[in-house]
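Q: Residue numbers (our numbering), protein chains in the order written: chain P, 1 to 139; chain U, 1001 to 1147.
Cβ coordinates follow ideal geometry from the N, Cα and C atoms, glycine included.
Just so you know, these numbers come straight off a predicted model, no measurement behind them.
Next up is a structure, given as structure tokens.
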Amino acid sequence: MSIVYFEDVEEGDELPGLDFFLSKDQVRQYARTAGMYVPRFTDDEGARAEGLPGMIAPGVMSMGLLARMISDWNAAAQIKRIGTTFRSPVLPDRDIHLRGAVTQKDETDHTAECDIWIENDDGERWVIGTATLALPSKA
Amino acid sequence: MALEFDRSIIGQIFDETAFPPVTKEEILAFTTALGEKNPLYTDEAAAAKGPYGGLVAPPTFVTKLRAQKFTPEHLPKFGKMGFDGGRDLEIHAPVRPGDALKMASTIHDIYEKTGRTGSMYFIVIRNEITNQKGEKVAVIDHRIMQR
């Protein structure tokens, strides 16, 4: 677990990001624990019947994964606000790439604004968002 | 289409839902599904020595709470199709095992945006979550997009 201090973060810094294979089983596991066990999040056939290309990950799961990316980078970062826009469905059974960058620092309350997003192998941003993080300070 | 509707619906509470106490198992299952490794959310002993003095839920845990009624009965309809436009989450206090959470829902805003492909209408449903001590825990805004 790493801890990153406010003083060590610069505007423009990219977060380390998180790359992994999002399996259908992980999406089902999330859907089960989040009380969202419905066809669009659990099976391809059921999702296709709803006009989707196949089973998709719940939007709030994307938000949760982006929060995890922040937590993996900095175990002491406290998320004050996180907002996500679902531009296109996140399809499991493939690699996804979670990214973030610091856009603004506020010295008065030791917070950092970040852009956060999830993209596919082709660099298409399926989910975009922003987060406000309170960071520990050396002061 | 002009954006015409009864503005008195904005800000009125249309649902209040009380949830059974949060369990440690529920927190850990949620944490595992996301692959969270932060000891604050995964390790009781380590979390006890941390800033919260005990295990807490990951920040997006509250997004799993479901209101009995997600929208009011007479939600205005501005388009044929509805989409999940996104979610904004503001966090005020951590969720701990044993917390009895309550959620009050309102229509927070309705607005129109004009883009390249025409007009889109956004309905913002706001969920305010409080705990048994009356503390504000989180505010979630759902943006439902209609076109």
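Count the CB pairs spanning the stretch 83 to 103 of chain P and the stretch 1070 to 1090 of chain U that are closer than 8 Å, and state whether there are at least three.
A: With a cut-off of 8 Å, the stretch 1070 to 1090 of chain U and the stretch 83 to 103 of chain P count as touching, because enough Cβ pairs lie within range.
Q: Considering just the uninterrupted stretch of the beta strand (DSSP E) at Gln78(P), what are its terminal residues?
A: Gln78 to Phe86 is the span of the beta strand (DSSP E), which, as asked, contains Gln78(P).
Q: Any beta carbon of chain P sitting closer than 7 Å to that of Thr1042(U)?
A: It does not: the Cβ of Thr1042(U) has no partner Cβ on chain P nearer than 7 Å.
Q: Given a threshold of 16 other Cβ atoms within 10 Å of its Cβ, counted over all protein chains shown, does Tyr1041(U) qualify as buried or as exposed?
A: The residue in question, Tyr1041(U), is buried, as its Cβ has 16 or more Cβ neighbours within 10 Å.
Q: So, with DSSP's three-state summary, where would you put Ser2(P)?
A: If DSSP states are grouped into helix, strand and coil, Ser2(P) belongs with coil.
Q: Cutting at 6 Å between CB atoms, please list the residues of its own chain near Met1001(U), excluding the five before and the five after it.
A: Below a pLDDT of 50, predicted positions are generally treated as unreliable, and Met1001(U), at 49, falls in that range; no measurement from the model is reported.
Q: Per DSSP, which one or two residues make a beta bridge with Met1145(U)?
A: Beta-bridge pairing links Met1145(U) to Phe1083(U) and Phe1122(U).
Q: Let me know if Met61(P) comes out buried or exposed under the rule of 16 or more other beta-carbons within 10 Å of its beta-carbon.
A: Counting Cβ neighbours within 10 Å, Met61(P) comes out buried, since at least 16 surround it.
Q: Quick check on Asp1043(U): does DSSP put it in helix, strand or coil?
A: Of the three classes helix, strand and coil, the one that applies to Asp1043(U) here is coil, per DSSP.
Q: Tell me where the beta strand (DSSP E) around Ala131(P) begins and ends.
A: Per DSSP, Ala131(P) belongs to the beta strand (DSSP E) from Arg125 to Ala134.
Q: With 16 as the cutoff for other CB atoms within 10 Å, does Val4(P) come out buried or exposed?
A: With 16 or more other Cβ atoms within 10 Å, it is buried.
Q: How about Thr1114(U): is its C-beta nearer than 7 Å to some C-beta of chain P?
A: It does not: the Cβ of Thr1114(U) has no partner Cβ on chain P nearer than 7 Å.
Q: Would DSSP call Thr108(P) helix, strand or coil?
A: In the structure shown, Thr108(P) sits in coil (DSSP, three-state: anything other than H, G, I, E or B).
Q: Is the CB-CB distance between Ala77(P) and Leu133(P) below 7 Å?
A: In contact: Ala77(P) and Leu133(P) (Cβ atoms closer than 7 Å).
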